[in-house]
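S.K.: Chains Z and U supply the protein sequences, listed in that same order.
Heads up, the first sequence is in the numbering used here, so the first residue is 1 and it goes up one at a time.
Heads up, the second sequence is in the numbering used here, so the first residue is 284 and it goes up one at a time.
Could you have a look at this structure, given as structure tokens, before my questions?
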Amino acid sequence: MRRNSMRRNVMNYVISGLAVLATLLVLVPLVAILFYLVYKGASSLNLAFFTHVPAPVGEEGGGMANAIVGSGIILSIASLIGIPIGIAAGVYLAEFGQGTFIANAIRFTADVLNGVPSIVMGISVFALLVQGRHFSAFAGGVALAVMMVPTITRTTEEMLATVPHAIREAALGLGVPKWRTVLSVSLRTASPGIITGCMLAFARVAGETAPLLFTAFGNQFWSFKLNEPIAALPLQIYVYAISPYDEWHRLAWAGALVLIVLIMVSVTLVRIFANRGVLKGGS
Amino acid sequence: MSIKEEHGASTPITPPLAVPSVREAGPSLEPSGEMSPIRKFLNARGSGRLADSSFAAVMLLCACSIFVLVLFIFTILILHSRLSLAAFGWKFFIRQAWDPVAGDFGALPFIYGTLMSSILALVIAVPLALGVAIFLTELCPRPLRAPISFLTELLAAIPSVVYGLWAVFVLVPLMRDVLGPFLVKIFGWTGFFEGANFGVGILTASIILSIMILPIISSLTRDIMTAVPNSQREAVLALGATKWEMIRIGVLRNSRIGIVGAIMLGLGRALGETMAVTMVIGNHAEISKSLFAPGYTLASVIANEFSEATTNLYLSALIEIGLALFLVTIVVNGIARLMVWAVTRGAPGRAA
Numbered sequence: 001m002r003r004n005s006m007r008r009n010v011m012n013y014v015i016s017g018l019a020v021l022a023t024l025l026v027l028v029p030l031v032a033i034l035f036y037l038v039y040k041g042a043s044s045l046n047l048a049f050f051t052h053v054p055a056p057v058g059e060e061g062g063g064m065a066n067a068i069v070g071s072g073i074i075l076s077i078a079s080l081i082g083i084p085i086g087i088a089a090g091v092y093l094a095e096f097g098q099g100t101f102i103a104n105a106i107r108f109t110a111d112v113l114n115g116v117p118s119i120v121m122g123i124s125v126f127a128l129l130v131q132g133r134h135f136s137a138f139a140g141g142v143a144l145a146v147m148m149v150p151t152i153t154r155t156t157e158e159m160l161a162t163v164p165h166a167i168r169e170a171a172l173g174l175g176v177p178k179w180r181t182v183l184s185v186s187l188r189t190a191s192p193g194i195i196t197g198c199m200l201a202f203a204r205v206a207g208e209t210a211p212l213l214f215t216a217f218g219n220q221f222w223s224f225k226l227n228e229p230i231a232a233l234p235l236q237i238y239v240y241a242i243s244p245y246d247e248w249h250r251l252a253w254a255g256a257l258v259l260i261v262l263i264m265v266s267v268t269l270v271r272i273f274a275n276r277g278v279l280k281g282g283s
Numbered sequence: 284m285s286i287k288e289e290h291g292a293s294t295p296i297t298p299p300l301a302v303p304s305v306r307e308a309g310p311s312l313e314p315s316g317e318m319s320p321i322r323k324f325l326n327a328r329g330s331g332r333l334a335d336s337s338f339a340a341v342m343l344l345c346a347c348s349i350f351v352l353v354l355f356i357f358t359i360l361i362l363h364s365r366l367s368l369a370a371f372g373w374k375f376f377i378r379q380a381w382d383p384v385a386g387d388f389g390a391l392p393f394i395y396g397t398l399m400s401s402i403l404a405l406v407i408a409v410p411l412a413l414g415v416a417i418f419l420t421e422l423c424p425r426p427l428r429a430p431i432s433f434l435t436e437l438l439a440a441i442p443s444v445v446y447g448l449w450a451v452f453v454l455v456p457l458m459r460d461v462l463g464p465f466l467v468k469i470f471g472w473t474g475f476f477e478g479a480n481f482g483v484g485i486l487t488a489s490i491i492l493s494i495m496i497l498p499i500i501s502s503l504t505r506d507i508m509t510a511v512p513n514s515q516r517e518a519v520l521a522l523g524a525t526k527w528e529m530i531r532i533g534v535l536r537n538s539r540i541g542i543v544g545a546i547m548l549g550l551g552r553a554l555g556e557t558m559a560v561t562m563v564i565g566n567h568a569e570i571s572k573s574l575f576a577p578g579y580t581l582a583s584v585i586a587n588e589f590s591e592a593t594t595n596l597y598l599s600a601l602i603e604i605g606l607a608l609f610l611v612t613i614v615v616n617g618i619a620r621l622m623v624w625a626v627t628r629g630a631p632g633r634a635a
């Protein structure tokens, strides 16, 4: 009997130890990646990185100013298309279609679409908008928008579900029409959560490279036109990372650091504003 | 004004948000009072049934756009891959040839590379993810719980291309000089670690993939394990079980369907992961038993060769690979979602 209980206790400690070990092991790559980003990236960062376009091969210096601006343009297009559609779809799921077959089907489709590889989005948008024409910033934005929609739909729905029914009923009881109730009461109450959801979707697509390979394509020079190839930060990092030049590797690390910092700063800023109520809006 | 007070009292959680809307509508209750601009607006238009139903219709339209998107992607992929579908038929997926110059295409090497790297990634990631989930839900001291789960989820926020960059400059040399020789020394007899080790290859790709899919598996598993009612844990503990027995009998057994679902979601992610894999797998269309050998995956062949596809047949073969990837990930994700839903939604019912 005693030996049995000892065996069970030992097993207990072994498994607990393994769980702790697994957690530590998982944190190792995270720390390593962040360390290398800061260590390699910070030493390569300088002012020129933010003000210059890429230098020709063999020349020192150069930066990724056009890629940073290009990423901003592509992400603006993606947000302008993806956020309204995503929020509207979430509103439908939470406010109009609860329990109906079509709402369940849409919810399921959104979850499945969420898992479709980004490269597939890339070639679909290529076949639709690029083939026969040329690579464009707009096509890149559309590809990213398609990736934003399902995420935003699901978070909007979840956030709207947390709004107490009493608030909606109060508004409806005062004679406010349903559409007005949804806009001014439900959406406004849930807005901090919805904004956070939008930011997470934004952060997710901000680092996407695969859908941009055949849509935005990349550009070594300045471009502000929506119907022309445009540079993007993740694309530039990819091209530089697989190039054979040390100077470009250096720039790739700096670009990766800037990309991560930009993503984190934009997410944090919007979260702070959302908590302060600046973005809640008034009518 | 009693309505306002009552309302405020009944929803103490969100009074500052709810009150303005009441205030807007409030004055209009008194017919003698001046009409608020909002009430005027509502009276002028929009309070009718037309506005309500058209609003609902617009929302429904946006919701249906998700359906449309999936159908659309599917149709586009089929349309644009018809050349290759006609030329090779279903044999496309069991042919080994990949010769763009001769116009001879087959997807088997890529299917092999995708499956091999994804399964290896699961083999590495699943035990670790389960360990993390068990630690975070059952063993971790409460103050540490939030920071550690934040850190593991931070892994999910790092873009794929940054993983690739790190893998190219840190993991590949490590694999070539340290990890590779070590594996040869211990497991060399199995035959999985033969041939030259350049650092790039299926094994390196699997390692970086496992790091990338770990956060999704562990955070979903954590959600599922938290959904197990505490009465289950208490019941097992009351029978004299140790903590591990409690986790095994009370928690893991109850959530096994959901955990399998979480693992399948991780698999779906791994199958379609493109950038990081493309950067380290070596991009060589050949089936080789050795894990050191360079390989190729469905996603990375598209990423690498799409822009240099010169003939229509070449392009359509690549799009057919995209179609296959689309269908496989839809099936894997669909099954996985249903499994996860079955557990997280059914939890309260099973507690009774």
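Idealized CB from N, CA, C, for every residue including glycine.
Decide if residue 556 of chain U is buried, meaning its Cβ has at least 16 other Cβ atoms within 10 Å, or exposed.
M.R.: Locating residue 556 of chain U in the second sequence gives position 273, counting from the first residue. Flag for residue 556 of chain U reads buried.
S.K.: If we ignore side chains and look at the alpha-carbon of each, how far apart do residue 102 of chain Z and residue 29 of chain Z end up?
M.R.: For the purposes of this step, residue 102 of chain Z is taken as residue 102 along the first sequence, with counting starting at 1. For the purposes of this step, residue 29 of chain Z is taken as residue 29 along the first sequence, with counting starting at 1. Cα to Cα, residue 102 of chain Z sits roughly 43 Å from residue 29 of chain Z.
S.K.: Identify which residue in U:511, U:575, U:585, U:549 has its Cα closest to the Cα of residue 625 of chain U.
M.R.: Taking the second sequence and counting its residues from 1, one reaches residue 625 of chain U at position 342. Answer by Cα proximity: U:511.
S.K.: Using a Cβ cut-off of 8 Å, pull out every chain Z residue sitting near residue 339 of chain U, in sequence order please.
M.R.: As a first step, residue 339 of chain U must be located in the second sequence, where it is residue number 56. Those are 92, 96, 178, 179, listed as they occur along chain Z.
S.K.: Under a Cβ-count criterion, where at least 16 other Cβ atoms within 10 Å of its own Cβ denotes burial, should residue 469 of chain U be classed as buried or exposed?
M.R.: For the purposes of this step, residue 469 of chain U is taken as the residue at position 186 of the second sequence. Residue 469 of chain U comes out exposed.
S.K.: Which residues in the same chain have their Cβ closer than 7 Å to the Cβ of residue 4 of chain Z, if we skip the five residues on either side of it in sequence?
M.R.: For this step, residue 4 of chain Z is matched to residue 4 along the first sequence. Once the five neighbours on either side are set aside, residue 4 of chain Z has no close Cβ partner at all.
S.K.: Name, going along the chain, the residues of the segment 360-388 of chain U whose beta-carbon falls closer than 9 Å to a beta-carbon of chain Z.
M.R.: Correct list: 360, 362, 363.
S.K.: Note down, in chain order, all residues in the segment 26-39 of chain Z with a beta-carbon under 8 Å from any beta-carbon belonging to chain U.
M.R.: Under the 8 Å Cβ criterion, the segment 26-39 of chain Z contributes 26, 27, 29, 30, 32, 33, 36, 37.
S.K.: In this structure, how does DSSP classify residue 527 of chain U when only helix, strand and coil are distinguished?
M.R.: As a first step, residue 527 of chain U is located in the second sequence; it is residue number 244 there, counting from the start. If DSSP states are grouped into helix, strand and coil, residue 527 of chain U belongs with the helices.
S.K.: For residue 272 of chain Z, would you say it is in contact with chain U, using Cβ-to-Cβ distances shorter than 8 Å as the test?
M.R.: Looking up residue 272 of chain Z in the first sequence gives position 272. By this cut-off, residue 272 of chain Z is not an interface position.
S.K.: Drop a sphere of 10 angstroms on the beta-carbon of residue 173 of chain Z, count the other beta-carbons inside from all chains shown, and report buried for 16 or more, exposed for fewer.
M.R.: Your numbering for residue 173 of chain Z matches position 173 in the first sequence. Residue 173 of chain Z is exposed by the Cβ-count criterion.
S.K.: For chain U, is any of its Cβ atoms less than 8 Å away from the one on residue 148 of chain Z?
M.R.: The residue given as residue 148 of chain Z occupies position 148 in the first sequence. Not one chain U Cβ lies under 8 Å of residue 148 of chain Z.
S.K.: Let me know the alpha helix (DSSP H) ranges lying completely inside the segment 440-505 of chain U, each 4 residues or longer, listed in chain order.
M.R.: Runs found: 443-449, 463-470.
S.K.: Measuring CB atoms only, is the segment 529-549 of chain U touching the segment 385-400 of chain U, in the sense that at least three cross pairs come out at less than 8 Å?
M.R.: Output reads no: the segment 385-400 of chain U does not touch the segment 529-549 of chain U.
S.K.: If you draw a straight line from the alpha carbon of residue 296 of chain U to that of residue 170 of chain Z, how long is it in whole angstroms?
M.R.: Position 13 of the second sequence, counting from 1, holds the residue named residue 296 of chain U. Position 170 of the first sequence, counting from 1, holds the residue named residue 170 of chain Z. Here residue 296 of chain U scores only 41 on pLDDT, less than 50, and its place in the model should not be relied on; the value that follows carries that caveat. Going by the C-alpha atoms only, they are around 15 Å apart.
S.K.: Give the interface partners of residue 210 of chain Z over in chain U, defined as CB-CB distance under 7 Å, in chain order.
M.R.: Within the first sequence, residue 210 of chain Z is the residue found at index 210, counting from 1. Neighbours of residue 210 of chain Z on chain U, chain order: 557, 558, 586.
S.K.: What whole-angstrom Cβ distance do residue 54 of chain Z and residue 220 of chain Z have, given they're in contact under 8 Å?
M.R.: Start at 1 with the first residue of the first sequence, and residue 54 of chain Z comes out as number 54. Start at 1 with the first residue of the first sequence, and residue 220 of chain Z comes out as number 220. Between residue 220 of chain Z and residue 54 of chain Z the Cβ distance is about 5 Å, and since that is below 8 Å, they are a contact.
S.K.: List the DSSP bridge partners of residue 111 of chain Z.
M.R.: Within the first sequence, residue 111 of chain Z is the residue found at index 111, counting from 1. Its beta-bridge partners do not exist; DSSP assigns none.
S.K.: Looking only at C-alpha atoms, which of Z:124, Z:154, Z:196 sits nearest to residue 211 of chain Z?
M.R.: Within the first sequence, the letter at position 211 stands for residue 211 of chain Z. Of the candidates Z:124, Z:154, Z:196, the one whose C-alpha sits nearest the C-alpha of residue 211 of chain Z is Z:124.
S.K.: Beta carbon of residue 644 of chain U, beta carbon of residue 419 of chain U: below 8 Å?
M.R.: Because chain U here runs from 284 to 635, residue 644 of chain U falls outside it and cannot be looked at.
S.K.: Among all the DSSP beta bridges, which residues are the ones paired with residue 388 of chain U?
M.R.: One-based indexing of the second sequence puts residue 388 of chain U at position 105. Looking at the DSSP assignment, residue 388 of chain U forms a beta bridge with U:381.
S.K.: Please compile the residues from chain U whose C-beta is within a distance smaller than 7 Å of the C-beta of residue 245 of chain Z.
M.R.: Walking along the first sequence from the start, residue 245 of chain Z turns up at place 245. Per Cβ cutoff of 7 Å: no residues; residue 245 of chain Z is ~13 Å from chain U at best.
S.K.: Does DSSP classify residue 242 of chain Z as helix, strand or coil?
M.R.: Taking the first sequence and counting its residues from 1, one reaches residue 242 of chain Z at position 242. Three-state result, residue 242 of chain Z: coil.
S.K.: Thinking just about the alpha-carbon of each residue, which of Z:63, Z:214, Z:38 is nearest to the one in residue 48 of chain Z?
M.R.: Numbered from its first residue, the first sequence carries residue 48 of chain Z at position 48. For the residues Z:63, Z:214, Z:38, the minimum Cα distance to residue 48 of chain Z belongs to Z:63.
S.K.: Which residue comes first and which comes last in the alpha helix (DSSP H) that contains residue 179 of chain Z?
M.R.: Locating residue 179 of chain Z in the first sequence gives position 179, counting from the first residue. Residues 178-181.
S.K.: From this set, Z:114, Z:142, Z:256, Z:207, which residue's C-alpha is nearest residue 127 of chain Z's C-alpha?
M.R.: Position 127 of the first sequence, counted from the first residue, corresponds to residue 127 of chain Z. Closest by alpha carbon: Z:142.
S.K.: Short of 6 Å in beta carbon distance, which residues of its chain neighbour residue 237 of chain Z, apart from the five on each side in sequence? Order them along the chain.
M.R.: One-based indexing of the first sequence puts residue 237 of chain Z at position 237. Closer than 6 Å at the Cβ level, and outside the excluded window around residue 237 of chain Z, lie 252, 255, 256.
S.K.: CB residue 201 of chain Z to CB residue 263 of chain Z, shorter than 8 Å?
M.R.: What you label residue 201 of chain Z is simply residue 201 of the first sequence in a count that begins at 1. What you label residue 263 of chain Z is simply residue 263 of the first sequence in a count that begins at 1. Contact: no.
S.K.: Check whether the Cβ atoms of residue 241 of chain Z and residue 565 of chain U lie closer than 8 Å to each other.
M.R.: Position 241 of the first sequence, counted from the first residue, corresponds to residue 241 of chain Z. Position 282 of the second sequence, counted from the first residue, corresponds to residue 565 of chain U. No, Cβ-Cβ distance for residue 241 of chain Z and residue 565 of chain U is not below 8 Å.
S.K.: Using 8 Å for Cβ pairs, my map puts residue 546 of chain U next to residue 405 of chain U. What's the rounded Cβ distance?
M.R.: For the purposes of this step, residue 546 of chain U is taken as residue 263 along the second sequence, with counting starting at 1. For the purposes of this step, residue 405 of chain U is taken as residue 122 along the second sequence, with counting starting at 1. At roughly 7 Å, the Cβ-Cβ gap stays under 8 Å, so residue 546 of chain U and residue 405 of chain U are in contact.
S.K.: Interface residues of chain Z around residue 471 of chain U at Cβ under 9 Å?
M.R.: Position 188 of the second sequence, counted from the first residue, corresponds to residue 471 of chain U. Going along chain Z, no residue has its Cβ under 9 Å from residue 471 of chain U, so there is no contact; the nearest lies around 24 Å.
S.K.: In chain Z, which residues lie less than 8 Å from residue 335 of chain U when you measure between Cβ atoms?
M.R.: Stepping through the second sequence from its first residue, residue 335 of chain U is reached at position 52. Ordered by position in chain Z, the residues that pass the 8 Å Cβ test against residue 335 of chain U are 177, 178, 179.
S.K.: Ignore the nearest five residues each way along the sequence and tell me which others in residue 585 of chain U's own chain have a CB closer than 7 Å to its CB.
M.R.: As a first step, residue 585 of chain U must be located in the second sequence, where it is residue number 302. Within the same chain, residue 585 of chain U has close Cβ partners 601, 604, 605.
S.K.: Below 9 Å on C-beta distance, what does residue 536 of chain U contact in chain Z?
M.R.: Sequence index remark: in the second sequence, residue 536 of chain U carries index 253 (1-based). The contacting residues do not exist; residue 536 of chain U stays about 15 Å from chain Z at best.
S.K.: Please state whether DSSP places residue 564 of chain U in a helix, a strand or coil.
M.R.: Within the second sequence, the letter at position 281 stands for residue 564 of chain U. It is coil, neither helix nor strand.
S.K.: Could you spell out the range, first to last residue, of the alpha helix (DSSP H) harbouring residue 342 of chain U?
M.R.: Indexing the second sequence from 1 puts residue 342 of chain U at position 59. It spans 332-363 - the alpha helix (DSSP H) in which residue 342 of chain U sits, taken as one unbroken run.
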